[in-house]
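Peer 1: Going by the numbering used here, the first residue of the sequence shown is number 10, and it counts up by one from there. All C-beta atoms, glycine included, are put in the ideal place defined by N, C-alpha and C. Here the structure is a predicted model, which means the values were calculated and not measured. A single structure is presented below for examination.
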Amino acid sequence: MDIDTYSKIRDSLNSSDDIERISKDFSQPVGVISAILTQKIVSNVKKTHGRIKSKSKKHALEWNRGDAILNIATKNNIPATLMASMILKEMGHSKKYINGMFKDPNHIQTQRLKDEVVQALNSDYFFSPRAHQIQTKKGKMGENVIERWLDSHNIEYRNENELRDSGVTKTPDCVLDEPLNIDGTEVSWIESKALFGDEAEHKHYSNKQFKHYEKEFGPGMVVYWYGYLDSITLDGNLIKNYEFFDGVSDDVQALLDFGCYW
10 MDIDTYSKIR
20 DSLNSSDDIE
30 RISKDFSQPV
40 GVISAILTQK
50 IVSNVKKTHG
60 RIKSKSKKHA
70 LEWNRGDAIL
80 NIATKNNIPA
90 TLMASMILKE
100 MGHSKKYING
110 MFKDPNHIQT
120 QRLKDEVVQA
130 LNSDYFFSPR
140 AHQIQTKKGK
150 MGENVIERWL
160 DSHNIEYRNE
170 NELRDSGVTK
180 TPDCVLDEPL
190 NIDGTEVSWI
200 ESKALFGDEA
210 EHKHYSNKQF
220 KHYEKEFGPG
230 MVVYWYGYLD
240 SITLDGNLIK
250 NYEFFDGVSD
260 DVQALLDFGC
270 YW
């Protein structure tokens, strides 16, 4: 995707309510737009979380005076799960106890608090336990598509679990038994990323993972399922998106139809 189109999409996205419209306006799959929105929200939270958290006592006071968690979150432009966590910590609850509350709000004894935590979690498509489960599911779907594609082409490989069992610590999703020539590059490994490859994400994973994989296994291929910026590069390696894979179109479509809301 060119930077101008990406910037227009990103600037137009403010909430999940925008996804369907922008998907149609830019003729992009819902999954692509959802990925760009999710990464925008996460990036914004990284910039503002510390400042908002420093006012946790104020947020807790507002709640004690009757304001709802969701409303306090909205006023501070932060996902409701994070605001709920801040307020609960100010009440004296530990991180472990709060995580337990979020996994099963039925354990919350106070009816008002229970209702508002449930409301916060249900409205948060980015930081709630359910949102994390969806992201994990998308990641697994992407890995499964690659394995199905390799199987359909009778390409032998070892997956991440098999590599770890053999003692490899930093592992891509698949290491091929024999290099595969793709577009003139001898690919020895494939890594699946169920996200959009923007500059920040690509730099992060290049330093954290891709460079280590190349050093260990040689040239490889990174798959950004939801697309990537034309400007990103991975010297000596390939970058692909969903358009590369043939013969598994139903699985790919399921991934592209996966939004960040429910």
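Which residues in the same chain have their Cβ closer than 8 Å to the Cβ of Ala69, if we skip the five residues on either side of it in sequence?
Peer 2: If we look at Ala69 and ignore the five residues flanking it on each side, its Cβ neighbours are Met95, Ile96, Glu99, Met100.
Peer 1: In angstroms, rounded to a whole number, what distance separates the CA positions of Asn131 and Trp158?
Peer 2: Going by the C-alpha atoms only, they are around 35 Å apart.
Peer 1: Look at the alpha carbon of Tyr222 and the alpha carbon of Ile155, and state the distance between them as a whole number of angstroms.
Peer 2: Near 17 Å, if we compare the C-alpha coordinates of Ile155 and Tyr222.
Peer 1: Can we say the region 83-90 touches the region 162-169, given the rule of at least three CB pairs closer than 8 Å?
Peer 2: No, the region 83-90 is not in contact with the region 162-169.
Peer 1: Check this for me: beta carbons of Gln128 and Ile78, under 9 Å apart or not?
Peer 2: Yes, the Cβ-Cβ distance between Gln128 and Ile78 is below 9 Å.
Peer 1: Given a threshold of 16 other Cβ atoms within 10 Å of its Cβ, counted over all protein chains shown, does Gly193 qualify as buried or as exposed?
Peer 2: Result: exposed.
Peer 1: Count the other CB atoms, across all protein chains shown, that sit within 10 Å of the CB of Ala203; report buried if there are 16 or more and exposed otherwise.
Peer 2: The residue in question, Ala203, is buried, as its Cβ has 16 or more Cβ neighbours within 10 Å.
Peer 1: Could you pull out every residue in the same chain whose Cβ sits closer than 7 Å to the Cβ of Leu189, ignoring the five residues on either side in sequence?
Peer 2: The answer, listed in chain order, is Ile164, Val196.
Peer 1: With a CB to CB cut of under 7 Å and the five nearest residues on each side skipped, what residues in its chain are close to Thr47?
Peer 2: Excluding residues within five positions, the ones whose Cβ falls inside 7 Å are Phe135, Cys269.
Peer 1: What distance in whole Å lies between the Cβ atoms of Val232 and Glu200, which are believed to be in contact at a cut-off of 8 Å?
Peer 2: The Cβ separation is near 7 Å, so the contact holds.
Peer 1: For Glu200, which residues does DSSP report across the bridge?
Peer 2: Answer is Val231.
Peer 1: To the nearest angstrom, report how far apart Trp198 and Tyr237 are at their CA atoms.
Peer 2: Distance between the alpha carbons of Trp198 and Tyr237: 19 Å.
Peer 1: Relative to the C-alpha of Ser25, which residue among Met10, Thr14, Lys49, Tyr15 is closest?
Peer 2: Nearest C-alpha to Ser25: Lys49.
Peer 1: Could you tell me whether the Cβ atoms of Ser43 and Phe254 are closer together than 9 Å?
Peer 2: It is not a contact, given that the beta carbons lie outside the stated cut-off.
Peer 1: Alpha carbon to alpha carbon, what distance is there between Glu29 and Ser36?
Peer 2: The straight-line gap from Cα to Cα measures roughly 10 Å.
Peer 1: For the beta strand (DSSP E) containing Asp160, list its first residue and its last residue.
Peer 2: No beta strand (DSSP E) holds Asp160; the alpha helix (DSSP H) holding it covers 138-161.
Peer 1: Could you please give the first and the last residue of the uninterrupted beta strand (DSSP E) stretch that includes Tyr166?
Peer 2: Note, Tyr166: beta strand (DSSP E), 166-168.
Peer 1: Quick check on this structure: which residue in Pro228, Val257, Ser161 has the alpha carbon closest to the alpha carbon of Asp244?
Peer 2: It is Pro228.
Peer 1: Should Glu187 be labelled buried (16 or more other beta-carbon atoms within 10 Å of its own) or exposed?
Peer 2: Burial call: exposed.
Peer 1: Grouping DSSP H, G and I as helix and E and B as strand, with all else coil, what is Ile191?
Peer 2: If DSSP states are grouped into helix, strand and coil, Ile191 belongs with the strands.
Peer 1: Please report the residue range of the alpha helix (DSSP H) in which Leu243 lies.
Peer 2: Neither: Leu243 is in no alpha helix (DSSP H) and is coded neither H nor E.
Peer 1: Compare the C-alpha of His102 against each of Leu122, Thr83, Lys84 and name the closest.
Peer 2: Nearest C-alpha to His102: Leu122.
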